Amino acid sequence: MLLLLLFLVPHFPCAALMIRCQLNVLEGEKYMLNYYIPGDYLISGIISTSSSVVQPYSFFMPPTNRFVSKFVSFVHVLPFVFAIHEINQNPRLLPNITLGYNIYEILFNARITYDSIMDLLSRGQENVPNYSCGRPKNLLAVLEGTDSDLFSHVSGMLGIYKMPQINYGVISHIPEQKHHFPFSYRMSPKQEPPHLAIVKLLLHFQWMWIGLAAPDNENGEKFRRTFTVVATKKGICVAFSEILPVLNKKKTKALLQYFSNSQANVIVCQLDFQASFILTIIIHDIEKTNEIFGKKVWITTALTDIGVKYFYQFVNLQHKHFLLSFLTQTNKRTQTYDLNTYFSILKTFVKTAFRCSYSSPKLSKRIWGRCTEKENWEIPSHDVVADILSEDGHSIYTAIQAVSWILHLVFSSQLSRRRMQVGNHLVSQVVQPWQLHPFLRNFQLYNLSMDNIYLDEDGNPVANLDIINWAMFPNKSTVGVKIGNIERETSSEVKISINQSAIRWPTSFNQKAPFSRCTESCLPGYIKVMREGAPVCCYDCSPCIEGTISRQEDEAHCEKCPDEQHSNKNGDQCVPKVFSFLSYQETLGFSLALIASFLSFTTAFVLGIFIKNRETPIVRANNRDITYILLVSLLLSFLTSLLFIGHPKKVTCLLQQTTFSVVFSIAVSSLLAKTVVVVAFLATKPASRMRKWLGKSLPNSIVLSYTGIQIGICIIWLGISPPFPDSDLHSQPGQILLKCNEGSVIMFYITLGYLGFLATICFLVAFLARKLPGTFNEAKWITFSMLVFCSVWISFVPTYLSTKGKYVVAVQIFSILASSLGLLVCIFVPKCYIIILNPHMNTKQHLRMKNFERY
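Count the sequence shown with mature numbering (1 follows the signal peptide of the UniProt record, and there is no 0) and you get residues -16 to -1, 1 to 839, in order.
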């Protein structure tokens, strides 16, 4: 409201002066710096390169004690001097016109900023805007490098007069809304990279656990808030987010604790001029009190050259700390100098070139330090000027040159279009600040396009950025090394590239990036498992299950291998599965084949014994033909097991189950025929014709009929769904099991069930006939053999179902061999014992004597 009153009373200077006096009393006394040289037209500067502590006004202290200067204030003054001096010396640029400058040091203070602008806009000695008294200043434009808050203050006041406001700061966080500030321009691109570019840089080095530090102002708060959101979306966790306090011991102590004790070895900082100094002093203080503090990476969004000098001066970049910042690719600054030497050169030059006096206006209690150029002074050597202009002042120099050329264009345009005749002379009209705007807009676009700079969607100049590693070498030489670049592909996407070999790591880093994570990375073959209630960067590692892999570190999910492949031992690669089947080359297959062959030869040997002794009573008793059939079926059953060994093929798959079931049906039905014949012979009278008929026809009928049923079942099986070669990709890890698929599982179990049915009937009949009298009664041996047979196949079913891989085939082979061997041993070993070892028992006299003893 007070500012509005100042501009609403241009015709009432006394009222304005009264209000002005009241404001000064309320604010207290402050020390203000002003650098000035007169000229036909003035280019003003609002600079902030000094921090200050403003003390309350006191009548007991001299004015010089009311201001405590922390830094020199002429770092940005000299580019004004050099640029204006060069323009005035150029006869082709603005002939017969002299440029001057009027520079204010505002000390990052809003009240001083307002007072400077009012002094700038006032024509008299007192700070009264619109008070038409005194010589016009002919102000053309105002150059400023303020932050966003002060930018708004400056723009609000200058906008009333349509005064061009040109921002030169490489780290000036001015508002992005160009339409709100139509009279402001930027002659240098934004040096601060997009948040996504910094995030991609962090991801490149796998720095997932970081800290944030920013100035204690609106820009810092906005940075910490917005950067946290972008980083979190990419899986980066912010361990702490703190402000860089100004003269607050309590907050500084807390920040020292964060920097010293946190596991976050990477701190992303948003630094302005003041924050750079504060951060370097904090790091310096930590190193003095904590010797183990080190291996920290400092990533600054943007850094002035003076800020770089502070880091070289106060931070051990050679051994402990790694500093990265970003520079526009139009900037060629790579070399820095000793801070004390640099300031010494500037101080010497300022004392030579300027004459300063300190006074207070009559209507103001503020102390002004006004410095004007001396009449006779020499410009430093070209090398010194180049060193100064290679710093942040280069953008000031460029902006002043641009304004001078625009003024030249305005004069040329006026002389060609509008001339006023005064006597015999031609005089051009006085140029007003608002007349520069059309030329400034066109010049801005032209100037930026010539330097690989373009305007973003908000109308602000932007450029691609270089990533700079500020290194210090053992000989104390310092250099900014380009280690990568950032290219803006679209408004929301950036491309980052890093030259790993160009990085100069501090000596304590051992030539590698430091670790900055909440937990160790999950190696390939493992996945991240989130901890409940912990940040996303804090997790545990779990190995991938069989058949799945993770190829990269910190994978969230395991990738399933193709069916023909499986995961290797480390779980980070899919490898082809090996083919598996019961072969003759392996020990198990060879052993089973050897056993089957041996038992086959043994059965053939028994068959030969029975054929050789076919006329003996023990062979002729119990139906000799059925005995031969039983021995042949047992021989075939042993040989049938060989069909299950080897690479499964179509023929072997068709023969395996069908041959096995038919051969066993013959064997079991033969035993059943033997048992039924025993019962029939014992139950029939000796002179009966029925006994003669039963002795020859019944056994053959039983064998043929029961075997024929099994053959019919097998024919139906082969017709409906025959067995076929198949591969099992999932039963055995890392293996492709080649096997014979039964086709119809129901038919397979029907054949087994039918064999069980025959064995059960045979067991029951033999069990009932085991005590009947008779010569060489086999019923008891058949009973025992069926008990062994049934035990083997009853135990086969659960074992078959629970076994996997080639061992399923081995179980079936074992069952075939065990059950066949049980029949061979139980039925024929007692007979072979009599035939070979006790032949006297195999005679008619022995049989008659044995029968006589029974009766």
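Quick reminder that beta carbons are idealized off the backbone N, C-alpha and C, glycines included. In this text, all values refer to a predicted model and were calculated from it rather than measured experimentally.
Buried or exposed by the 16-neighbour rule on C-beta atoms within 10 Å, applied to residue i
i	result
Met514	exposed
Met45	Low confidence applies here, because Met45 scores a pLDDT of 44, under 50, leaving its location unreliable; read the following figure in that light. Met45 should be labelled exposed.
Ala540	exposed
Leu752	exposed
Gly517	exposed
Phe333	buried
Ala386	buried
Val782	In the sequence under discussion, the amino acid at residue 782 is Pro, which differs from the Val named in the question. Burial call: exposed.
Arg604	exposed
residue 860	Missing from the structure shown is residue 860; the chain here goes from -16 to 839 and no further.
Asn151	buried
Thr571	exposed
Tyr817	exposed
Asn80	exposed
Ile699	exposed
Phe563	exposed
Cys810	buried
Nearest neighbour of residue i, chosen from the options [CA to CA]
i	options	result
Phe622	Ser799, Val281, Gly23	Ser799
His179	Phe165, Gly129, Ile283, His268	Ile283
Arg425	Cys810, Ser168, Ala223, Val59	Ser168
Pro683	Ser711, Ala651, Cys698, Ile267	Ala651
Cys637	Ile610, Thr210, Gly727, Ile720	Gly727
Met171	Gly377, Thr744, Cys521	Gly377
Ile720	Met731, Phe585, Trp191, Asp547	Asp547
Phe644	Leu239, Thr624, Lys634, Ser653	Thr624
Pro632	Ser567, Ser575, Ala486, Lys596	Ser567
Glu226	His714, Lys217, Phe211	Phe211
Leu420	Gln175, Trp489, Leu124	Leu124
Glu89	Thr382, Ala67, Arg354	Arg354
Trp418	Gln149, Lys815, Pro601	Gln149
Thr735	Trp701, Ile745, His714	Trp701
For residue i, three-class secondary structure by DSSP
i	result
Gly517	coil
Gln149	strand
Cys(-3)	Low local confidence applies: a pLDDT of 30 at Cys(-3) is under 50, so the model's placement there is unreliable, with the coordinate-based value given in what follows. Helix at Cys(-3).
Cys506	coil
Pro823	helix
Arg501	coil
Lys14	In this predicted model, Lys14 has a pLDDT of only 48, less than 50, meaning its place in the structure is not dependable; the value taken from the coordinates is given anyway. Correct three-state label for Lys14: coil.
Asn203	helix
Val252	strand
Trp361	coil
Pro422	helix
Phe55	With a pLDDT of 38 at Phe55, under the threshold of 50, the predicted position of this residue should be treated as unreliable, though the coordinate-derived value follows. Of the three classes helix, strand and coil, the one that applies to Phe55 here is coil, per DSSP.
Ser309	strand
Asn86	strand
Glu271	helix
Ala286	coil
Glu70	helix
Contact check, residue i vs residue j, beta carbons under 8 Å
i	j	result
Ile452	Lys466	yes
Ser492	Gly509	no
Gln313	Asn469	yes
Val59	Ala337	no
Leu228	Asp269	no
Tyr784	Leu742	no
Ile610	Ala577	no
Pro707	Gln640	yes
Ile267	Phe298	yes
Asn597	Ile819	yes
Phe747	Cys724	no
Leu722	Ser705	no
Cys542	Cys558	no
Tyr68	Ile384	Residue 68 is actually Ile in this sequence, not Tyr. Yes.
Ser260	Thr130	no
Ala580	Leu619	no
Leu391	Val414	no
Gln247	Ala223	yes
Within-8 Å CB hit, residue i to chain C
i	result
Asp609	Reference to chain C is not applicable here, since this structure consists of a single protein chain.
Inset, instruction - Inspect the CB distances between the region 237 to 252 and the region 540 to 555 and report whether three or more fall short of 8 Å. - result: no
Legend entry - Stretch pair the region 520 to 527 + the region 491 to 505: three plus CB contacts closer than 8 Å: yes
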